[in-house]
Structure formats: C-alpha cells, structure tokens
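S.K.:
Protein chains: 2
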Amino acid sequence: MKKAATIRDVAAQAGVSVSVVSRVLNDTGPVAPAKRAQVLEAIEALNYRPRRAAQQLSHGQSDTIGLLLADLTNPFFARLADRVVAEARSRELQILLMTTQEDPHLEAQALETLLDRSVGGMIGTPTGHNIERWEKLASLDIPVVFVDRSISQFQHMDVVSIENIESAATATRHLLARGHRRIGIISGPLDTTTGLDRVRGYEQALQEYGLARDDRLVCPAPFRGDRGATAMAQMLSLADPPTGVIVANTAQVRVTLRMLSQARVSIPDDLSVVVFDDNPWTELIQPPLTAVRQPIDMLALHSVELIHARMRQKLPPTPRHVRVAAEFEERASTSRVDPDDG
Amino acid sequence: MKKAATIRDVAAQAGVSVSVVSRVLNDTGPVAPAKRAQVLEAIEALNYRPRRAAQQLSHGQSDTIGLLLADLTNPFFARLADRVVAEARSRELQILLMTTQEDPHLEAQALETLLDRSVGGMIGTPTGHNIERWEKLASLDIPVVFVDRSISQFQHMDVVSIENIESAATATRHLLARGHRRIGIISGPLDTTTGLDRVRGYEQALQEYGLARDDRLVCPAPFRGDRGATAMAQMLSLADPPTGVIVANTAQVRVTLRMLSQARVSIPDDLSVVVFDDNPWTELIQPPLTAVRQPIDMLALHSVELIHARMRQKLPPTPRHVRVAAEFEERASTSRVDPDDG
DNA sequence: TTGTATGCGTTATCAT
DNA sequence: ATGATAACGCATACAA
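Protein chains in written order, with my numbering: chain A, 1 to 342; chain B, 343 to 684.
#1: Can you list the residues of chain A that Val487 (chain B) reaches, using a CB-CB cut of under 7 Å?
#2: Note down, one range per segment and in chain order, each alpha helix (DSSP H) of at least 4 residues found wholly within the stretch 67-115 of chain A.
#3: If you reduce the DSSP assignment to three classes, tell me which class Val292 (chain A) lands in.
#4: Considering only DSSP beta bridges, list what Ser529 (chain B) is partnered with.
#5: Return the CA-CA distance between Gly684 (chain B) and Ile507 (chain B), expressed in angstroms with no decimal places.
#6: Please report the straight-line C-alpha distance between Ala32 (chain A) and Pro50 (chain A), rounded to a whole angstrom.
#7: Could you give the distance in angstroms between the alpha-carbon of Val145 (chain A) and the alpha-carbon of Val304 (chain A)?
#8: Taking only runs that begin and end inside the stretch 459-494 of chain B, name each unbroken alpha helix (DSSP H) of 4 or more residues, in chain order.
#9: Less than 8 Å between the C-beta atoms of Cys219 (chain A) and Ala231 (chain A), yes or no?
#10: Alpha carbon to alpha carbon, how far is Thr170 (chain A) from Glu283 (chain A)?
#11: Per DSSP, which residues does Thr192 (chain A) bridge with? Please list them.
#12: For Thr393 (chain B), would you say it is in contact with chain A, using Cβ-to-Cβ distances shorter than 8 Å as the test?
#13: Is the distance from the Cβ of Val541 (chain B) to the Cβ of Ile525 (chain B) below 8 Å?
#14: Identify the continuous beta strand (DSSP E) that holds Gly586 (chain B) and give its terminal residues.
#15: Short check: CB of Ala353 (chain A) to CB of Pro417 (chain B), under 8 Å?
#16: According to DSSP, simplified to helix, strand and coil, what is Glu672 (chain B)?
#17: For Arg350 (chain B), I'd like the list of residues in its chain whose CB is within less than 8 Å of its CB, leaving aside the five on either flank, ordered along the chain.
#18: Measure the beta-carbon distance from Ala633 (chain B) to Asp619 (chain B) and round it to whole angstroms, keeping in mind my assumption that it falls under 8 Å.
#19: Can you give me the Cβ contacts of Ala581 (chain B) inside the same chain, cut-off strictly under 8 Å, excluding the 5 residues immediately before and after it?
#20: Would you please state the rounded distance, in angstroms, between the beta carbons of Ala590 (chain B) and Ala510 (chain B)? I believe it to be under 8 Å.
#21: Would you be able to state if there are at least three C-beta pairs under 8 Å between the stretch 54-71 of chain A and the stretch 88-95 of chain A?
#22: Going along chain B in order, which residues have a C-beta closer than 9 Å to the C-beta of Asp71 (chain A)?
#23: Using 8 Å as the Cβ pair cut-off and three pairs as the minimum, do the stretch 464-478 of chain B and the stretch 117-134 of chain A touch?
#24: Which chain A residues are close to Ala396 (chain B), counting only those with a beta carbon under 7 Å from its beta carbon?
#25: Taking Cβ positions only, does Gly684 (chain B) come closer than 8 Å to chain A?
#26: Is the beta carbon of Ala42 (chain A) sitting closer than 8 Å to the one on Ala4 (chain A)?
#27: Please say whether Arg475 (chain B) and Ala450 (chain B) have beta carbons closer to each other than 8 Å?
#28: Where do the ends of the beta strand (DSSP E) carrying Ile162 (chain A) lie?
#29: Could you please tell me which residues of the stretch 433-450 of chain B, in chain order, have their CB closer than 7 Å to any CB of chain A?
#30: Between Gln549 (chain B) and the ligand NAD, is there a pair consisting of the residue's CB and a ligand heavy atom that are separated by less than 7 Å?
#31: Helix, strand or coil, according to DSSP, for Arg305 (chain B) in the structure here?
#32: In the structure shown, what three-state DSSP assignment does His663 (chain B) receive?
#33: Would you tell me roughly how many angstroms separate the C-alpha atoms of Ala428 (chain B) and Ala642 (chain B), rounded to the nearest one?
#34: Closer than 9 Å, Cβ to Cβ, to anything on chain B: give me those residues from the stretch 195-223 of chain A, in chain order.
#35: When the Cα atoms are used, what is the spatial distance from Leu517 (chain B) to Leu448 (chain B)?
#36: Return no unless some Cβ of chain A is closer than 8 Å to the Cβ of Ala480 (chain B).
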C-alpha cells in the first residue's frame, strides 16, 4: 500500500502544474480542454481526493458545523439531529456531533474543544451555564445558532424555536374550554426560553379566563432526571388537585406518564393530559396523547440555513429569531369536565 | 475583531521561538521552567488554541471518527449514537455524524465524502450496497468497524454486534416452551447479519422441537418502509395463522405494532409478540412487551474502543468480531397456548 | 492559458 | 535547552 496521491502527483501524472489541477478541481479559472481531460484522467488513475485538512488550512474555513445537543435519548433531539444531518448534507456541510447530557461541565468541555476552529459554525441547545464560553466562541468569529431553546442572557444571538408562548396558550385554552379550571403545568427550567415562555403562555390563557395562577400547579423541572414525575405526584396529592395537566417539558413526558401509569391514574378520566412532544411512539400509547407537535423539520431547516448563511457572512449582523408555529393535535387524553367540580 | 492568534504570536509574546511553544503544548522535549511560565502566560493572554486543521495536516492523522448510521429516527440508533458520542469524548475523539436513511445512494455519497481523509476511522451500519466503496475506504488506511449489523461480503472486516443467533433462538424457545407451534418471524434483509443470523437462530430453535420451517411464516422486511406491517397482515390472513410472532427487525417494530393495534388484534390473547428492541417507550405500551434488550452501551463501548485501537494501529490486522450477549426480558406480551390449537 | 512561488499553522528534525 | 527551518497538501496571487 503506497501512500495516497497528492495534488502534485496528479500534476506530474498529467504533465501539468498544480495550479491547473487546482483549477479543474475547483473550477476557478480557465483551463484548456485537452489538459482538463488529462487531469481528470490522472485524478481517476491515482484515485485522488483533495485533503480536507489542507484545504481548510489553506483558505481558513471549515465546512463542518458543530451540533451540540442535550441528549439523543430524547426522541425529540434524536429526530432533530436526523433532520439537521439531512439539511447539512444537501448543503455539503458536515456535522460534528456532541452532547451535553444537560451537564454544564460536559457542555464546557465540548465548547472548549471547539475553540480549535475545527468547526465553522455551531448549532446547539445551551444548558444555561456557560455564558462566557459561548460568547468566546462567537468572539472567535464562529457563528452560533441556538435551536429549540435559548437563554435569557443570549438575547443578542440567533435562535430558531417554536412559538412557545402561543403553543402553551393554545394547550391551556384547550383545557379551559373543556371546563378545566385547575390546570397544572410541568415546564422546563425558567431560565430557558422553553421553560419561561411556555409558563407565560399558560398564564396568559388563564388570565383570559379570569383565573389566577396557583403556584402549586406550576412546576419547573430540570431537563434531566425524573423531577417531572415527582412534581406530578405532588400536584395529585394536593387537597384540590388539578383536573388537567400540561407536560411542557419534552424531557419529562416519558417519566411523567410512567408515574401516572404506575399510580393507576386513569387518563383522561382521572386526569386530562396534554404533552409537548411528537414522538411517533406516543401513538401506540393508550390513550393516544393530545399533543403539541413540534415541526422538527422546520427547526432543522432554519437552523442549518441560518448557520450556513452566517458562515458565508451573507447576513447582516443583527440577531435573528426564527419562530415556527407548532401544531396542536387533539387526541384522546383530554376530556371535558364540569367546571364546578374544579 | 483582530484575527486569531497563532503559535507564532504566542512565541513572539513570550519572547521565545515557536519550537518552545510547541514543546510546552505537546510536552515533547525539554523546556526551562521560567520560559514555560512565560509561554503559558502568553497563551492565556492571547487566548490561543492550536488549530486542528494545521495539526492534522502536519502529522497526517485525524482524531475524528465518522459515524454512519441508518437513521436517528429509530430510537435504537439514536441511543447508539448517544453512547458512541460519550465513549468518543472520553477518548478525546470527535464524531462526524452521517446517516444513510437505508438508502444506498446516500450511503455512497457519505462514503465518497470521507475519502478526503477527514476522518481517521469509521463506525457504521452498512446498507449492503456499496461494497467497493467500503473497501476503498479501508484501502486508504481508514479503519472501519461495523456495528450492529454486517454484510456477508465483509467477513474480513471488524464487527461489533449482539449474539444474534442465540438471541433469536432464545426468543423462539420462549414461545415454543409456552406451547406455540406456529411462530412467525419478521426479520431484516437476509443479506445482513441481523437478518440472516436471527432467522438462523429461529430455525435452530424450531429444529430442537422437531419443527420444520414454514416459509410463509418467515418474512424478511427491509429496514425502511412499513413492509413489516404488511407481512404481519399477510401472516394473520393465512388459513393457519401463527399464534406467536417475533419482530426481529428493530426498524419494523413500531409499524408492526401499529398495524396490530389498528386491526384490533389483542396482545397476547390473539397473538403473542416478542420484539427486538429496548426502547424506553415500550414500557408505556399496553401490554408491556416481551423483548430482546440490546446492550447498546456495550455496542458503543466496543465499537469506539476497537476503532480507536485500529486508528493507533495497536492491533494485529486480523479481523475482530466482538459479540455481546443480549438480555431476554419477559413481560406481558407473550402468553401460554395449547399446542394442539396450533 | 499556464507555471512558480508563497502562505496557511503546526510538528519535527537538527544544528547550536 | 533553544531556535531555525523544512515538511504537510492545497489554494492563489502573480509572473510568464
């Protein structure tokens, strides 16, 4: 096994100079048809492929985008990754995958790694704990796009998310319209937009019905662990438990449902449930769950498109916030209730 | 925004030569304590990080491993990716993610991309249709490890998989022991090891009971689409339908279950079901499914370990086949049946 | 239209 | 212990 061919080998084989080879390769500049043929032939014969590392070093740009997600165990992020990979491919971009497991320490480590400029841009879901490192990345001219969630401190950065406030309000109104007056919500951490905005939308809908928020029914849970399940249990043990609940923390949906199942809470008879999720497996669950479906392909599309544009500096430096609408899908986990019972 | 610091800038700032900086960076060769301090200080001050591309070009090796999976929509692959990323991180390896969507064309495209030596090794699930390209990769001295599945043509390459034959035999014996005599199996394509070996294990168990294989009960389905569902429907419409079925194609589990649900086939009363899967969502399904649980963390661990060793040429060139045991988990989707009914 | 020469940032060799 | 300097493979400005 002899060592791989370089551009010089090709040039020699074709009897031309390296510039000519480079030109036919990148279609940059003129080249005589005859020579072009020779070059192509040589490339084929030598099985030549330009080395990414060399190209990158030469013109100082990386066509790799770092994708820093929370955790691929969550089908939401897994599907997001799937679509991001697809969108990236159609633009000839590579995806360097990393996960934080919602652990700030791992996130820090990942960001630290990327400081070597191995990526030309970043798409990520921040844990909320490494503000300065994200900033440092950006200050190194590595564009960053947050997807799904953001952090209040990052107002000046690009974000692609669903319409969280509106989606939560819709879910809440759905229950309100069916007579529910005591509605619980299990949200994400309030320092993330997915946590805060969904609670906001929830409160907004309550206000429309002249209802005040009951703090015992608003339970922010971390994205990690099964705090959502214990929060659910606590709500159910109240003297006046909720008749409906919105699980607005995608990462807590599964554990919450498992807890309800184990506690033999009947859905929707004992409790109406709306979830933020669009896991294809939910359709196999009994009863099928009423859900806010996140348009994952749109999130992926816009994230990649945005980061791609930034990488090519095709955009004015003003921060963008792309919000895509989510669909509300009524299924069988929510039922009507007598408002006076609440 | 001034341009990022290079090793030369650091050297200048510290009043030393680049060699000294390189030595403190890589701990290769001696350096006076005093100068070392200056260098460290300069690095800190200039916020310097060595560029990956330059390092890579210099010593011609990539610490990135390509991960080519079928599809992250399948929780099995998603979890596998999650664990591979984790294992890679602990070894300071990066993961370049690509998907085939089980499409040979996309697989070809992905492999073609990797010919640029941007990765130092590959972990993947082959579709079965790009033999020569996989070979070419390997001939370029880019080590390849197949995970989960392999192809019969690839006997000479590294593989990490579960004990497919044994696992399928166990599943089959489980049903046989409960009186089932007509047992169907929905497998993967027979040109993949996951397809062929599982059918082999199934047949082996049947033979132990003196049973002959009925071709109508053996249904290989592609990993893509919902052929598993139609195969299931066909089996059920036989004059003598199976009383038990093994869904040995992970990618077909969901669609098959959906079909059964829609057809109002009661599990396990009308049909006993064993699935190859270890999706955490299955526990929410009624009834909980008897399953062959694949030890995903072990698959990831061995894959990364193996490719890492290959990348460092720490291994004799003989191909390795790491097989890890799968657990059989009996739950509620299989029941006893009177053998005479079959 | 083609070729030469230089730079990209790092590592490694080899004098000093 | 330290510092020039030559690779590494490619792109490109500039000369021919």
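Even glycine gets a Cβ: it sits at the ideal position worked out from N, Cα and C.
These numbers were taken from a predicted model, which means no experiment stands behind them.
M.R.: Considering the structure as presented:
#1: Within the second sequence, residue 487 (chain B) is the residue found at index 145, counting from 1. Ordered by position in chain A, no residue passes the 7 Å Cβ test against Val487 (chain B), which lies about 17 Å from the chain.
#2: 75-90 and 104-114
#3: Translated into positions along the first sequence, residue 292 (chain A) becomes position 292. Val292 (chain A) falls in the strand class under three-state DSSP.
#4: Walking along the second sequence from the start, residue 529 (chain B) turns up at place 187. Paired residues: B:Pro562.
#5: Indexing the second sequence from 1 puts residue 684 (chain B) at position 342. Indexing the second sequence from 1 puts residue 507 (chain B) at position 165. A caution first: Gly684 (chain B) carries a pLDDT of 43, below 50, which makes its placement in the model too unreliable to give a value.
#6: Your numbering for residue 32 (chain A) matches position 32 in the first sequence. Your numbering for residue 50 (chain A) matches position 50 in the first sequence. Those two C-alpha atoms are separated by around 21 Å.
#7: Residue mapping note: residue 145 (chain A) aligns to position 145 of the first sequence, counting from 1. Residue mapping note: residue 304 (chain A) aligns to position 304 of the first sequence, counting from 1. Using only the alpha carbons, I get a separation of about 9 Å.
#8: 473-481
#9: Reading the first sequence from its first residue, position 219 is the one you call residue 219 (chain A). Reading the first sequence from its first residue, position 231 is the one you call residue 231 (chain A). In contact: Cys219 (chain A) and Ala231 (chain A) (Cβ atoms closer than 8 Å).
#10: Taking the first sequence and counting its residues from 1, the one referred to as residue 170 (chain A) is at position 170. Taking the first sequence and counting its residues from 1, the one referred to as residue 283 (chain A) is at position 283. Rounded to the nearest angstrom, the two C-alpha atoms are 21 Å apart.
#11: Reading the first sequence from its first residue, position 192 is the one you call residue 192 (chain A). Beta-bridge pairing links Thr192 (chain A) to A:Ile151.
#12: Residue mapping note: residue 393 (chain B) aligns to position 51 of the second sequence, counting from 1. Sequence check: residue 393 (chain B) is Arg here, not Thr. It does; some Cβ of chain A falls within 8 Å.
#13: Residue numbering aside, residue 541 (chain B) sits at position 199 when the second sequence is read from its first letter. Residue numbering aside, residue 525 (chain B) sits at position 183 when the second sequence is read from its first letter. No, the pair does not count as a contact, with Cβ atoms beyond the cut-off.
#14: Position 244 of the second sequence holds residue 586 (chain B). Element bounds for Gly586 (chain B): Gly586 to Val589.
#15: Coverage of chain A is limited to positions 1 through 342, which leaves residue 353 (chain A) absent and any answer about it impossible.
#16: Mapped onto the second sequence, residue 672 (chain B) falls at position 330. Glu672 (chain B) falls in the coil class under three-state DSSP.
#17: Position 8 of the second sequence, counted from the start, is the residue given in the question as residue 350 (chain B). Answer for Arg350 (chain B): Val360, listed in chain order.
#18: As a first step, residue 633 (chain B) is located in the second sequence; it is residue number 291 there, counting from the start. As a first step, residue 619 (chain B) is located in the second sequence; it is residue number 277 there, counting from the start. The Cβ separation is near 6 Å, so the contact holds.
#19: Along the second sequence, read from residue 1 onward, the residue named residue 581 (chain B) stands at position 239. Correct list: empty, nothing qualifies.
#20: Start at 1 with the first residue of the second sequence, and residue 590 (chain B) comes out as number 248. Start at 1 with the first residue of the second sequence, and residue 510 (chain B) comes out as number 168. Their Cβ separation, rounded to whole angstroms, is 6 Å, which keeps Ala590 (chain B) and Ala510 (chain B) in contact under 8 Å.
#21: yes
#22: On the first sequence, residue 71 (chain A) is found 71 positions in, with the first residue counted as 1. Result: Asp424.
#23: no
#24: Indexing the second sequence from 1 puts residue 396 (chain B) at position 54. The contacting residues are Leu57.
#25: In the second sequence, the residue the question calls residue 684 (chain B) occupies position 342. Unreliable positioning characterises Gly684 (chain B) in this predicted model, as indicated by a pLDDT of 43, which lies under 50. The coordinate reading is nonetheless provided below. Gly684 (chain B) does not count as touching chain A.
#26: The residue given as residue 42 (chain A) occupies position 42 in the first sequence. The residue given as residue 4 (chain A) occupies position 4 in the first sequence. Cβ distance not < 8 Å, so Ala42 (chain A) and Ala4 (chain A) don't count as in contact.
#27: Numbered from its first residue, the second sequence carries residue 450 (chain B) at position 108. Numbered from its first residue, the second sequence carries residue 475 (chain B) at position 133. A contact, by the Cβ cut-off of 8 Å.
#28: What you label residue 162 (chain A) is simply residue 162 of the first sequence in a count that begins at 1. Ile162 (chain A) -> beta strand (DSSP E) spans Asp158 to Ile162.
#29: Gln436, Ile437, Leu438, Leu439, Met440 and Thr441
#30: You won't find the ligand NAD in this model; it holds no ligand whatsoever.
#31: Lying outside 343 to 684, the shown extent of chain B, residue 305 (chain B) is not represented and no answer is given.
#32: Here the question's residue 663 (chain B) lines up with position 321 in the second sequence. In this structure, His663 (chain B) counts as strand in the three-state DSSP scheme.
#33: On the second sequence, residue 428 (chain B) is found 86 positions in, with the first residue counted as 1. On the second sequence, residue 642 (chain B) is found 300 positions in, with the first residue counted as 1. One C-alpha to the other measures close to 9 Å.
#34: none
#35: Taking the first residue of the second sequence as 1, we reach residue 517 (chain B) at position 175. Taking the first residue of the second sequence as 1, we reach residue 448 (chain B) at position 106. Spanning the two alpha carbons is a distance of roughly 39 Å.
#36: Numbered from its first residue, the second sequence carries residue 480 (chain B) at position 138. So no, Ala480 (chain B) is outside the interface.
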